[in-house]
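If you count by mature numbering (1 follows the signal peptide of the UniProt record, and there is no 0), then the sequence shown holds residues -20 to -1, 1 to 294, one letter each, in order.
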Amino acid sequence: MKQSRSIAFILLIIALAVTAAVSGYIAVAPEKENPQREITVVLPNASEERWNSFRTGIRAAAREYGISLTIISTTEDNEADQIASALEEKPDGIIVSLLSDQTASVLDHSSVPTVLLGTRGSLETSARLSQISLSAKAAGVSLAQLVLSYRSSASDLKIGILCSANSSSELTERLASLNEELAKHEISPVWILRDTSQVSLIHAQAETPADLIIALDNDSLEAAAEYREAHPDQIFGLYGIGISTTCISYTDSEVIDKMIVPNEYLAGFTAIEQISDYCSSRTSMENTAIDYSIITRANMFTKKNQQLLFPISQ
């Protein structure tokens, strides 16, 4: 009997020892971590301050969704090669802003979930490819309304239209929408310039002076503001689409009268969110229109507009 109790006691000690050893291993063993997803972001001249709001948005979303970001800067000459190289690395997703529509073909047969910033008619959207953009129609209508707000009878206005030289279908659509809306009020631009250099602006104004300038993108709005500041007696109104701190400063000093500011913080956040949702649950990615506000010197210091212009955290 004593022998049986001794054997049972020994077995109990062994069992307890094994249990303690297993518990100790579990306690000290490193927890398995879910592998961090990686998203590549390809932007033209990515370090420029015009991307400040967008970069803040993608970084905020990356923190929330546990994403590792790689940001690649491109030019029109190298963007096709840069995007192709990025896709070869097989990231979990890619966010791309294109300077040229011709580069869109690089994305045609990619299986990587993709968000395009801006519209590209040559690419069909799908469950794994979406476009996030400021509506060309809304932008054109709003810009025309800004001009009409300058003068109720605007048919005698001499208007110049300025946009960047890149071959983007988004700018082409924006220009078509603006011209269509102006035509409803019998307004024809005296010049349309796809060159943001000061030399080209000086030449256009020398040949056919414009009273007002409409700028279709951030770069052209900066250029037009620089021209107006140097020639204050020539330009009586400047309106456009912008986002950079340079454009904000020109609006604060009333060199820019009214500026359409897309919510690029939200665009960046949404782009990361769409790819993360697709990777997690194969939720179909959907085209998204960017919200925007019209900023003037008078309203730029409201709490809402300060969050839009300087989205440090939201």
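Glycine included, every Cβ here is placed at the ideal spot set by N, Cα and C.
TYR258 sits close to MET265, with the two beta carbons spaced by under 7 Å. When only Cα atoms are considered, PHE216 and SER48 end up about 47 Å apart. Between LEU142 and LEU173, the gap from beta carbon to beta carbon is short of 7 Å. In this structure, DSSP gives LYS70 a state outside helix and strand, which the three-state scheme calls coil.
Relative to the Cα of ASP197, the nearest Cα in the group PRO291, GLY120 and THR50 belongs to GLY120. Taking every protein chain shown into account, the CB of ALA186 has fewer than 16 other CB atoms within 10 angstroms, so this residue is exposed. Between the C-alpha atoms of LEU289 and THR83 there is a straight-line separation of about 30 Å. In this structure, DSSP gives ILE270 a state outside helix and strand, which the three-state scheme calls coil. Just measuring C-alpha positions, the residue of SER113, LYS70, SER256 and SER90 sitting nearest THR99 is SER113. DSSP places LEU246 in the helix class (H, G or I) of the three-state scheme. Taken atom to atom, the span from the alpha-carbon of ASN32 to that of ALA26 is near 9 Å. Going by C-alpha positions, ARG108 is about 14 Å away from ILE19.
Under a 10 Å Cβ-count criterion, PHE281 is classified as exposed, with fewer than 16 other Cβ atoms of the shown protein chains found around its own Cβ. A Cβ-Cβ separation of about 24 Å leaves SER106 out of contact with PRO24 under the 8 Å criterion.
By the 16-neighbour rule on beta-carbons within 10 angstroms, PRO212 is exposed. When rounded, the separation of the alpha-carbon atoms in LYS117 and ASP81 is 19 Å. Taking the CA atoms as reference points, VAL170 sits about 11 Å from ASP136. Within the DSSP bridge table, the entry for LEU23 names SER53 as partners. For the pair ILE252 and PRO93, the CB atoms are not nearer than the 7 Å cut-off. Our two residues, GLN62 and THR50, have alpha carbons roughly 12 Å apart in a direct line.
Note: GLU187 is not bridge-paired with any residue in the DSSP secondary-structure output.
In chain order, ALA145 place their CB closer than 7 Å to the CB of ASP175, counting only its own chain and leaving out the 5 sequence neighbours on each side. In the DSSP assignment, LEU114 falls outside any alpha helix (DSSP H), carrying neither H nor E. In this structure, the CA atom of VAL241 is about 12 Å from the CA atom of LYS284. Looking at SER261, VAL179, ASP191 and VAL127, the one whose alpha-carbon comes closest to that of LYS164 is VAL127.
Secondary structure remark: continuous alpha helix (DSSP H) runs of at least 4 residues inside the region 139 to 195, in chain order: 149 to 163 and 178 to 187. Taking C-beta atoms as the reference points, ILE275 and THR231 count as a pair closer than 7 Å.
Per DSSP, LEU289 is one residue of the alpha helix (DSSP H) stretching across 283 to 289.
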